[in-house]
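My numbering applies: residue 507 is where the sequence shown begins, and numbers increase by one. Where is the CB? At the ideal position from N, CA and C, for every residue including glycine. The structure under discussion appears below in the form of structure tokens.
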Amino acid sequence: MADREKKGLIARWLEGKERSEDYARSTLPTNRWALFWDIFKGRFGKLVLVNLLMLVTFLPLAAVIVWRILAMGTQQIVGPYGAGLGVGYPVIPNVSGVAEMTVFEMDLLFFVLFIPAGAIAALGISGGGYIIRNLIWTEGIFVANDFLRGIRRNYWNVLEAVLFFTIFLFLARTTGNLADWLIAAGSPMAGWLIASKIVGYILMVFALLVAMWMISLGISYKQGPWALFRNAVVMTVGTFPQTLFFVACATWPIFLTMFGGSFFTVIGLLLLIFLAFSYALLVWLDFSQWAFDKFVNPNMGIATGRGLYNKDKAPRPAAAVVNNSASDSAAMREYRRMIVAQGKSKLVCRPIKPIDDELEVYQLPESFSRDDLQKLRESKQAIEDDTKAFEEEHKNDERYVEYNREFEEAQRALEDEDGKKKKKKKPTPPKMLNKR
């Protein structure tokens, strides 16, 4: 075998993999792990750009956090926490619990401010999540336009998730600070207070998991506020070990910034600026699509494996759509109704003569006469007659007969289904999810 030509870096970059001899469809991602890595290395620049757009909406939240850190540091310096060691006016004979009381009072302000700041951050989450979801679905994106479109489509669902978590965070932090204050003040119920604090933080973690599912469900499906919360709880409980693992994988840069120490905090801040938010959404939405393909989409009659290449997948005929086990779902019925309403495809239901050079349209000269116009008309008529003759000759070919038969079966199935509904309308379960 002859040696292949070794091309330069610029040539390989301009031509891309599809012009390479090593390219094959088998190299396309066939699972969610491969899809994550393919997006991460192939769309890294877009991930950074999305992260910067999201970062703008997180600035109010970052300002509240920095304000709290500075206020706490200042209070440690000027606070009267050393009894008998130069405590100024007013005199506080017993400073037990004063520090805890100060933290309790200050956090009432700061954790309330987290709620409106989170509502602003929801703008970035909804826009960035929409772009990341389209990347996972391997759809074309325009970052600025799709960011704004994602805000319009997903903001209210994402806002519900963010408000749910920030309010829960405020309640958990407030009860925890109150427990610390009462314990420092010598409350006899110290054991119960510690237990309530632990339970509050456990519920806060659970609220984070539910909020993450609310975000992914709200971006991928259209549903009401109560259905969004209910389905998020169901998905959290049903996939709890996987949810816990992937939330940890998605949010580790944030915890690295908060608890990593001075050196790791700097690294965490750089990640937050350039990549952390888009990375977190990529990890979480990629996992969510796996869960939806496994538990949600088959029951709704929605195709699974979107964004993945399935080399073993064969096209399904129209009859298979009619006889599918998921045909009772509202989404599948709507899909079949849409196919029938659009009518038969003119490119598939009948023979179309391939383009060849046997017959050509007569070209008029710059100066033409009536004879030239007659020749033009005759050439067009010859092409039309030839096309009709080809169609008549091949109209009974198996592929055209099979397609028309399957389409008519699908149409009759829908007509019979609609007729049964008119005769007797059966009660239907509550609507869970609708494809967005």
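Beta-carbon to beta-carbon, N683 and V570 are separated by about 17 angstroms, too far to satisfy the 8 angstroms threshold. Within a 10 Å sphere around the beta-carbon of V664 sit 16 or more other beta-carbons, which makes this residue buried. Taking C-beta atoms as the reference points, A713 and F671 count as a pair closer than 8 angstroms.
Pairing V649 with L776 gives a Cβ-Cβ distance that is not under 8 angstroms. Looking at the backbone, the Cα of D613 and that of T763 are separated by about 20 angstroms. K728 carries a strand assignment under DSSP once its states are collapsed to helix, strand and coil.
DSSP places K800 in no alpha helix (DSSP H); its state is neither H nor E. When secondary structure is reduced to three states using DSSP, G646 falls in the coil class, being assigned neither helix nor strand. Per DSSP, reduced to three states, the secondary structure at V867 is coil, with no helix or strand assignment. Collapsing the DSSP output to three states places D891 in a helix. For E872, the secondary structure class from DSSP, reduced to helix, strand or coil, is coil. At the C-beta level, G744 and F798 stay beyond 8 angstroms of one another.
DSSP places R538 in the uninterrupted alpha helix (DSSP H) bounded by 538-548. Taking the Cβ atoms as the reference, S702 lies roughly 6 angstroms from A685, within the contact range of under 8 angstroms. Take Q581, set aside five residues on each side of it, and the residues of its chain with a beta-carbon closer than 8 angstroms to its own are T608, M612, in chain order. The criterion of a C-beta distance shorter than 8 angstroms is satisfied by W687 and G603. In the three-state reduction of the DSSP assignment, D792 falls in the helix class, which pools H, G and I. The DSSP-derived three-state label of C755 is helix.
For G774, the uninterrupted alpha helix (DSSP H) run begins and ends at 767-780, by DSSP. A distance below 6 angstroms between beta-carbons, with the five flanking residues on each side excluded, links R538 to the following residues of its chain, in chain order: D792, W796. Here L814 carries a coil assignment [DSSP, helix/strand/coil].
For N557, same chain residues with a beta-carbon under 8 angstroms away, outside a window of 5 residues either side, are G634, I779, F780, L781, A782, F783, S784, Y785 in chain order.
Sequence-distant partners of L734 (beyond 5 residues in either direction) whose C-beta falls short of 7 angstroms from its own C-beta, in its chain, are N663, E666, M720, L723, G724. K728 and S632 have their C-alpha atoms some 13 angstroms from each other. In the three-state reduction of the DSSP assignment, A691 falls in the coil class.
Remark: C-beta atoms of I575 and L787 do not approach each other more closely than 8 angstroms. With at least 16 other beta carbons inside 10 angstroms of its own, V716 counts as buried.
A straight line joining the alpha-carbon of F653 with that of A809 spans about 25 angstroms. With 16 or more other Cβ atoms from the protein chains shown falling within 10 Å of its own Cβ, S726 counts as buried. The C-alpha of I689 is placed about 34 angstroms away from the C-alpha of T749. When only Cα atoms are considered, A623 and L709 end up about 22 angstroms apart. With fewer than 16 other beta carbons inside 10 angstroms of its own, F770 counts as exposed. Taking a C-beta distance under 8 angstroms as the contact criterion, F542 and V789 qualify as a contact pair. For A895, the closest of V907, L615, I858, F761 by C-alpha to C-alpha distance is I858. For F617, the closest alpha carbon among the candidates L677, F765, N805 is that of L677.
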